[in-house]
Amino acid sequence: MTDQLPTYRRRPARDRFYGWRPEINHPEPGPGEQFPPGPRAPIAVQSLRTWAARNTYWPKMQQQYGDTFTLRVAPIGRIVIVCRPEDVRTAALGSPEMFPIGENNLLFEPLVGRGSVLALDGAAHRVERKRMVPPFHGKRIAAVVSTMERLAEDEVASWPVGSTFTLVECMRRLTLKVIIRVVMGVEEPGRVADLSAALGRVLDVRTLDLLMWIWPRLTGFGPWRKAIAGMQLADDLLFEEIARARRDPGRAERPDVLAMLLDGSPDDELVRVELLTLLLGGHETTAVAASWMFERLLRHPAALARTREGLDDPRDEYRTAVIKETLRLRQLSYNLGRRLSAPTELGGYTLPAGTFVWPSIAAAHTDRATWGADAAAFRPERWLEPDPPSRAFLPFGGGAHRCLGALFAETEMDVILRTVLRNVDLRPDRMQDEKPVMRHVVQVPERGARGRVVRRLGS
């Protein structure tokens, strides 16, 4: 039997919120099964603290209840958090049959649409992943490094000398342009600008927007109506680019991801879902990670000086260590999500089938028993020492659902790091660390990673 791609009906953006509901999670423990302890605060309190500040809430719960604890979080229900690195690894790398991810990621469906690889399991996931892997092979990424460099140089050239600005916004602007050029193959400046504006708003999901996920009727009112209009505009522009690419007589020679996705797929809606999936996974996370990379480096002068020494070496080990240490301390995703398909022993408890388990990547990455007494310190040198604890390092998840764009993200961070340090002398606006605050599942710098260019180099 040959695997075939499903087909999808094109739906207006607003309609994606109707008829969508994740199943509320209320599995009951059977004989020999039990849930870990957890707070008794109302579900509204636990939900707010999880969605808005899990990076401070969860560590407090870990101190109070241990490495495995239970929370109640709307709109999902009961969730078990696991923090020990071995348990995090078990859930993250476990078989997709035992630890499926799709139901957990149904939260993305109203945003990207039905059929995203993020929310598929089993045969459907394998078929879709097989389609999306080839554009991210090493040789294809190497072929677009020069485009990344050109875009990064253009971005750095726009930075004002002597004025303070937020690196997060600069990196968001840059990574979105990289995706539009490299993934979608769009070069014409006007179209790039239109897509950047529309897609930037869609990917900028605000806390207020999340109420549409719970009460779809809000999509017809006030700020939510504007959000839906923005999503619809983005859909229309994406379909327009898909149509352009289909008509392009030179499509077979195009190096962009969109051209590859169109091969073998007559379904425009599926391709739109795939494009938004790549945008969702590769824009905000990479932009924030690159911002943190400079926020950390600029406050560690010795590490910054050593990084500058290796800028002419395309495979400098220390620069790689800087990227890894950034991803360890400021995770691309604070946690993963799985739902047990059968009763499973995890974290010292036998959990019933149907339980949502959220492995805390942040806890695994800062575990003192694993990383040492300086686990919370930014020390790239740890990656140059013999046998660093790589088994507890999972910035891109793992297993069958490991991030498709992991190599793309690491390459882009390396290009940005080299380009910035070659072109400008960048300083933080002040030496105090910027605190991490939660933006959905990503930790962002509290003040946007503020910096200023002291002088331009090489001129």
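What the sequence shown shows, in the UniProt record's numbering, is residues 1 to 459, in sequence order.
Beta carbons are placed, not taken as given, at the ideal position from N, Cα and C, and that holds for glycine.
On a predicted model such as this, the values are computed, not experimentally measured, just so you know.
- DSSP places residue 345 in no alpha helix (DSSP H) but in the uninterrupted beta strand (DSSP E) bounded by 344 to 346.
- Leaving aside the five residues that flank residue 35 on each side, the residues in its chain whose CB is nearer than 6 Å to its CB run, in chain order, 70.
- When DSSP reads this structure, residue 222 sits in no beta bridge, so it has no partner.
- Contact check for residue 427 against residue 451 passes: the beta carbons are separated by less than 8 Å.
- Here DSSP, grouped into helix, strand and coil, assigns residue 351 to strand.
- Following the DSSP letters along the chain, one finds residue 136 in no beta strand (DSSP E), marked with neither H nor E.
- Between the region 354 to 374 and the region 50 to 69 there are three or more inter-stretch CB-CB distances shorter than 8 Å, so the stretches are counted as touching.
- Along the region 25 to 66, the alpha helix (DSSP H) occurs as fully enclosed runs of 4 or more residues at 43 to 65, listed in sequence order.
- DSSP links residue 335 through a beta bridge to 360.
- Looking at the DSSP output, residue 443 sits in a beta bridge with 438.
- The shortest CA-to-CA distance from residue 386 to any of 286, 371, 13 is the one to 371.
- Around the CB of residue 231, 16 or more other CB atoms lie within 10 Å, so the residue is classed as buried.
- Fully contained in the region 368 to 442 are the following alpha helix (DSSP H) runs of length 4 or more, in chain order: 368 to 371, 406 to 423.
- Between the region 437 to 449 and the region 168 to 179, the count of C-beta pairs closer than 8 Å reaches three or more; the two stretches touch.
- Distance from the CA of residue 456 to the CA of residue 189, rounded to the nearest whole angstrom, comes to 26 Å.
- Here residue 177 is buried: its Cβ has 16 or more other Cβ atoms, across all protein chains shown, within 10 Å.
- Judged by DSSP secondary structure, residue 71 falls within the beta strand (DSSP E) whose first and last residues are 68 to 73.
- Boundaries around residue 294 are those of the alpha helix (DSSP H), 284 to 297, since no beta strand (DSSP E) includes it.
- With a beta-carbon spacing of about 16 Å, residue 288 and residue 415 fall beyond the 8 Å limit used to define contacts.
- Burial state of residue 255 is exposed, judged by a 10 Å Cβ sphere holding fewer than 16 other Cβ atoms.
- Residue environment analysis places residue 112 among the buried positions, since at least 16 neighbouring C-beta atoms fall within 10 angstroms of its C-beta.
- Annotation for residue 201: 230 place their beta carbon closer than 6 Å to its own, counting only its chain and skipping 5 residues before and after.
- In the structure shown, the three-state DSSP call for residue 205 is coil.
- In the DSSP assignment, no residue is bridged to residue 162.
- Ranked by Cα distance from residue 353, the first of 340, 409, 347 is 340.
- Counting other Cβ atoms within 10 Å of its Cβ, residue 454 stays below 16 and is therefore classed as exposed.
- Residue 95 sits exposed, since fewer than 16 C-beta atoms from the chains shown fall within 10 Å of its C-beta.
- Taken through DSSP and simplified to helix, strand or coil, residue 101 comes out as coil.
- In the same chain as residue 251, and ignoring 5 residues on each side of it, the C-beta atoms closer than 8 Å to its own belong to 245, 259, 262, in chain order.
- Residue 453 has 161, 426 as its beta-bridge partners, per DSSP.
- Of the residues 347, 276, 405, the one whose Cα lies closest to the Cα of residue 83 is 347.
- Rounded to whole angstroms, residue 186 and residue 41 show a C-alpha spacing of 50 Å.
- Cα atoms of residue 440 and residue 107: separation of roughly 12 Å, rounded to the nearest angstrom.
- Apart from sequence neighbours up to five positions away, the residues of its chain that approach residue 192 with a beta-carbon distance below 8 Å are 177, 180, 181, 186, ordered along the chain.
- Around the beta-carbon of residue 221, fewer than 16 other beta-carbon atoms lie within 10 Å, marking it exposed.
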